[in-house]
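Going by my numbering, the sequence shown opens with residue 16, and the numbers climb by one from there. Ideal Cβ positions, reconstructed from N, Cα and C, are used throughout, including at glycine. Computed from a prediction, not measured in an experiment: that's the story for all the values here. Reviewing the structure listed below.
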Amino acid sequence: MIQSRLPFRRNAPRRSLGVRPSAGRVFAGRVSTGPLRAGPVRSALLAALLAALPLPALATPALVVDADSRAVLLAEDAGDPWYPASTTKLMSAYVTFRAIAAGEVDLETPVVVTKRAMGEASLHAGLSAGRAMTLRDALYAMLVGSANEVAISLAQTVGGSVEGFVDRMNAAAAELGMNATRFANPNGLFAPEQHVTARDLALLGLAVTRDFPEYLPIFETSEVVVDGKRLESENTLLTGYEGTLGLKTGFLCASGRNIVALAERGGRSILVVLLGATTGRERAERTAMLMTEAFEGRLQPTGLSLEAIPDRPEVPPQDMRVRLCTDAAAAYETERNRLYPMGLAGQPSYLDAAIAPRSHAITTWLQPVTVKVPVPRPRPAGPQG
16 MIQSRLPFRR NAPRRSLGVR PSAGRVFAGR VSTGPLRAGP VRSALLAALL
66 AALPLPALAT PALVVDADSR AVLLAEDAGD PWYPASTTKL MSAYVTFRAI
116 AAGEVDLETP VVVTKRAMGE ASLHAGLSAG RAMTLRDALY AMLVGSANEV
166 AISLAQTVGG SVEGFVDRMN AAAAELGMNA TRFANPNGLF APEQHVTARD
216 LALLGLAVTR DFPEYLPIFE TSEVVVDGKR LESENTLLTG YEGTLGLKTG
266 FLCASGRNIV ALAERGGRSI LVVLLGATTG RERAERTAML MTEAFEGRLQ
316 PTGLSLEAIP DRPEVPPQDM RVRLCTDAAA AYETERNRLY PMGLAGQPSY
366 LDAAIAPRSH AITTWLQPVT VKVPVPRPRP AGPQG
């Protein structure tokens with residue numbers, strides 16, 4: 016097992032850019048975060064509908080970019096809004112890196128888990144309120160272990176409040192030209208007003224690697240151990256695809272499985288953004304397939320720069336919950352498996368490397384509570400006057 020270390024080193028067919036048919040948005044507009052329940056009749060109808068959808072209606076955004084030239088090699092629905100899930104944490108990291116560069120905090124600044132953070136859904140790190148870790152370790156816990164509670168605590172430490180930190184996230188998005196992006200929280204848990212596009216996530220991923228390459232070892236790490244609890248990255252390319260430099264995955268029922276991935280081979284870097292995959296296998300295999308096609312020259316520049324891809328902020332994000340988190344999900348997954356069989360039993364896989372996991376150990380401590388005791392004002396010794 017390779018141990019991470021600091022200091023960091025520096026160094027109709029689908030139409031690209033087109034509009035999905037309206038069938039692709041049949042179930043958009045819902046706002047609940049959990050699985051949807053369906054009775055037998057409704058489940059059968061949903062399954063039949065999903066099975067009948069043509070390929071364009073099953074399309075989800077995909078984007079492949081030459082990270083050095085920023086040339087677009089493939090763009091499918093890359094400007095359509097999407098729920099980001101935990102890819103949101105890329106912006107949380109970027110804002111934190113900026114704060115470190117500005118001298119507001121440093122890698123040894125304590126990050127204390129707060130009661131508000133422990134109120135988040137999907138707690139990952141097994142922490143409790145009052146536990147603390149260094150900001151360095153908080154970055155690992157957030158980016159590798161995708162710890163939602165740590166993302167909130169980090170935001171409070173860096174921004175003074177979650178709201179102040181989110182303001183910084185949106186300001187940074189505007190500066191980077193992420194025209195259809197809006198952040199509502201630091202961890203990517205569902206919020207109806209929170210959305211990104213594949214184009215915007217690619218801009219963010221490239222900004223992270225361009226502005227702060229010294230932090231790439233965090234993204235290359237495939238597991239963290241927090242007080243003995245092992246949290247593995249959902250990015251299986253880190254241990255299965257040669258040259259992977261990481262970045263971030265994410266999943267919500269509403270978003271499907273998202274990824275922003277960077278790999279380097281032969282002195283060339285390729286960035287892939289894939290949104291709305293059905294399973295972790297599909298996400299990883301499709302990403303690796305696109306990277307392989309790019310590295311082998313089978314994907315050629317389209318003539319567009321990344322910035323030239325038009326964002327479509329007027330379009331509502333597609334909601335994947337009916338497809339992924341209802342009784343109809345099995346029919347949808349079967350169709351996706353037919354389209355993307357790579358890595359299934361008896362099928363070849365693009366994840367053909369055996370890379371030793373990189374691990375980072377985190378030890379927390381109980382932060383003493385500072386209590387401000389009021390100091391009484393001196394009282395006069397006797398009557399005045």
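Local Cβ density within 10 Å of residue i, reported as buried at 16 or more and exposed below that
i: Gly-243; result: exposed
i: Ala-93; result: buried
i: Pro-232; result: buried
i: Met-106; result: buried
i: Trp-97; result: buried
i: Lys-263; result: buried
i: Ser-84; result: exposed
i: Leu-354; result: exposed
i: Gly-265; result: buried
i: Ser-37; result: Interpretation of Ser-37 is limited by its pLDDT of 31, a score under 50 that renders its predicted location unreliable; the figure taken from the coordinates is listed afterwards. Ser-37 comes out exposed.
i: Lys-104; result: buried
i: Gly-203; result: buried
i: Thr-259; result: buried
i: Thr-196; result: buried
i: Glu-249; result: buried
i: Arg-245; result: exposed
i: Arg-313; result: exposed
i: Gly-261; result: buried
i: Glu-238; result: buried
DSSP three-state assignment for residue i, whether helix, strand or coil
i: Leu-289; result: strand
i: Ile-324; result: coil
i: Ala-147; result: strand
i: Glu-350; result: helix
i: Leu-218; result: helix
i: Ile-233; result: helix
i: Asp-81; result: strand
i: Pro-125; result: strand
i: Ser-374; result: strand
i: Asn-185; result: helix
i: Thr-75; result: coil
i: Gly-487; result: Absent from the structure is residue 487, since the part of the chain shown begins at 16 and ends at 400.
i: Phe-266; result: strand
i: Asn-200; result: coil
i: Val-275; result: strand
i: Glu-308; result: helix
i: Gly-261; result: strand
i: Trp-380; result: strand
i: Ala-344; result: helix
i: Leu-169; result: helix
i: Leu-158; result: helix
i: Val-337; result: helix
Beta-carbon separation (whole angstroms), residue i vs residue j, contact threshold 8 Å
i: Met-304; j: Tyr-365; result: 5 Å
i: Ser-168; j: Val-126; result: 5 Å
i: Leu-252; j: Thr-293; result: Between Thr-293 and Leu-252 the Cβ distance is about 17 Å, and since that is not below 8 Å, they are no contact.
i: Val-241; j: Gly-160; result: 7 Å
i: Ala-114; j: Val-181; result: Between Val-181 and Ala-114 the Cβ distance is about 14 Å, and since that is not below 8 Å, they are no contact.
i: Arg-131; j: Leu-381; result: Not confirmed; about 18 Å, so no contact.
i: Leu-138; j: Glu-164; result: 5 Å
Spatially closest choice to residue i from the options, by CA coordinates
i: Arg-183; options: Ala-195, Ala-199, Ala-147 and Ser-168; result: Ala-199
i: Ala-77; options: Ser-248, Ala-276, Pro-201 and Thr-172; result: Ala-276
i: Pro-356; options: Glu-300, His-210 and Glu-235; result: Glu-300
i: Asp-367; options: Thr-254, Gly-361 and Ala-344; result: Thr-254
i: Ala-136; options: Val-120, Ser-101, Tyr-155 and Val-159; result: Ser-101
i: Ala-187; options: Val-288, Thr-124, Val-110 and Gly-271; result: Val-110
i: Ala-82; options: Leu-286, Glu-119 and Ala-117; result: Leu-286
i: Arg-272; options: Leu-289, Glu-190 and Thr-317; result: Leu-289
i: Ala-166; options: Glu-238, Ala-117, Gly-134 and Glu-279; result: Gly-134
i: Leu-122; options: Ala-189, Thr-129 and Ala-108; result: Ala-108
i: Pro-363; options: Ala-346, Arg-296, Gly-312 and Phe-310; result: Arg-296
i: Pro-328; options: Thr-124, Val-211, Val-337 and Gly-291; result: Val-211
Check: residue i C-beta below 7 Å from any heavy atom of the ligand ATP
i: Met-306; result: Ligands displayed in this structure: none; no statement on the ligand ATP is therefore possible.
Subject >> Stretch pair the stretch 301-316 + the stretch 79-89: three plus CB contacts closer than 8 Å >> reply: yes
**OP:** Determine, using beta-carbon pairs with one atom in the stretch 140-151 and one in the stretch 212-229, whether at least three such pairs fall under 8 Å.
**Re:** no
Original post:
Is it a yes or a no for the stretch 200-217 touching the stretch 320-338, going by three-plus beta-carbon pairs under 8 Å?
Top reply: yes
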